[in-house]
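Okay, so here's the structure we're looking at.
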Amino acid sequence: MKGNPPSRVISWEKEAPVWRASPARYDVSKPIIAAINGYCLGGGLWLALESDIRIAVESAQFGVPEPRLGMPATFTALLQRYIPRGVAHEMLLTTDKISAQRAYEVGLVTRIVSAEQLLPTATEMAESICQNSPLAIRAVKELIRRGEDMSRPDAMSLTDHVTHSLMRTEDIMEGFKAFVEKRPPAWKGR
1347 MKGNPPSRVI
1357 SWEKEAPVWR
1367 ASPARYDVSK
1377 PIIAAINGYC
1387 LGGGLWLALE
1397 SDIRIAVESA
1407 QFGVPEPRLG
1417 MPATFTALLQ
1427 RYIPRGVAHE
1437 MLLTTDKISA
1447 QRAYEVGLVT
1457 RIVSAEQLLP
1467 TATEMAESIC
1477 QNSPLAIRAV
1487 KELIRRGEDM
1497 SRPDAMSLTD
1507 HVTHSLMRTE
1517 DIMEGFKAFV
1527 EKRPPAWKGR
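Take a look at the structure:
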């Protein structure tokens, strides 16, 4: 294959607004739920990948059209972290779109719902998350993010460290107390 080199280096900070919007650039401690209704292509797919949970409507389509524009997608090196390598390669090299059903089958989305149920499902999921200790949810996000590229022993050590740091919080005491008293906990985030 023969191609031409770019005439200049692209500054993603200035020229790719999607990069500035990426949650990965920031240490977002709250869970992000992507409710995908329609096409999820290119930068939109990247933003969806950066979320913690992805829900899609039955008619949603996912794809990476950037090679047809003459460039790789910004997230090319990352896609295979989210879905099986072969599927990522096929999407990246062919630029063919995949259906919501296929996205579900490969783990790109966790649920497929009707258009009418998309926002209610995302809201219900958010409400379910809010039933948990905000400190614990923040810790879970940190462990997922930091542990992703760690060895198993290092990840377990990090988990022990983070868990130990929560043992003296008001929330953990409230969680155990509420469990014993068979009532919902009243989290304080401390």
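Take 1347 as the starting number for the sequence shown in my numbering and just add one per residue.
C-beta: ideal position from N, C-alpha, C; glycine also.
Original post:
If you draw a straight line from the alpha carbon of C1386 to that of V1526, how long is it in whole angstroms?
Top reply: Counting from 1 along the sequence shown, the entry for residue 1386 is found at position 40. Counting from 1 along the sequence shown, the entry for residue 1526 is found at position 180. Approximately 45 Å, taken between the alpha carbons.
Original post:
Going by Cα to Cα distance, which pick from A1380, R1448, T1420, E1396 is closest to P1430?
Top reply: As a working mapping, residue 1430 is identified with position 84 in the sequence shown. Measuring from the Cα of P1430, the nearest candidate turns out to be R1448.
Subject >> Residues bridged to A1381 [DSSP beta-bridge criterion] >> reply: Counting from 1 along the sequence shown, the entry for residue 1381 is found at position 35. Bridge partners of A1381: I1401.
**OP:** Pull up the DSSP beta-bridge partners for F1408, would you.
**Re:** As a first step, residue 1408 must be located in the sequence shown, where it is residue number 62. The partner list for F1408 (beta bridge, DSSP) reads C1386, I1444.
Original post:
Just curious, the beta strand (DSSP E) that I1458 is in, first and last residue?
Top reply: Counting from one through the sequence shown, the residue named residue 1458 turns up at place 112. Note, I1458: beta strand (DSSP E), 1457-1459.
Original post:
Where does Y1450 fall in DSSP's three states?
Top reply: In the sequence shown, residue 1450 corresponds to position 104, counting from 1. DSSP places Y1450 in the helix class (H, G or I) of the three-state scheme.
Subject >> Beta-carbon proximity of T1456 to I1378, cut-off 8 Å >> reply: Your numbering for residue 1456 matches position 110 in the sequence shown. Your numbering for residue 1378 matches position 32 in the sequence shown. Going by C-beta atoms, T1456 is not nearer than 8 Å to I1378.
**OP:** State the Cα-Cα distance for the pair T1467 and A1394, rounded to the nearest angstrom.
**Re:** Locating residue 1467 in the sequence shown gives position 121, counting from the first residue. Locating residue 1394 in the sequence shown gives position 48, counting from the first residue. Using only the alpha carbons, I get a separation of about 16 Å.
**OP:** Tell me whether G1432 is buried or exposed, calling it buried when 16 or more other Cβ atoms sit within 10 Å of its Cβ.
**Re:** Residue 1432 sits at position 86 when you count from the first residue of the sequence shown. Under this definition G1432 is an exposed residue.
Original post:
What are the boundary residues of the alpha helix (DSSP H) that includes E1520?
Top reply: Reading the sequence shown from its first residue, position 174 is the one you call residue 1520. Boundaries of the alpha helix (DSSP H) around E1520: 1516-1526.
Subject >> Segment contact flag, the stretch 1469-1482 with the stretch 1515-1526, C-beta cutoff 8 Å, min 3 pairs >> reply: A contact is defined here as three or more CB-CB pairs under 8 Å, and the stretch 1469-1482 meets this definition with respect to the stretch 1515-1526.
Subject >> Local conformation of D1506 per DSSP, three classes >> reply: In the sequence shown, residue 1506 corresponds to position 160, counting from 1. Shown here, D1506 sits in a helix according to DSSP, grouped into three states.
Original post:
Does the beta-carbon of L1415 have 16 or more other beta-carbons within 10 angstroms, so that it is buried, or is it exposed?
Top reply: As a working mapping, residue 1415 is identified with position 69 in the sequence shown. Exposed is the call here.
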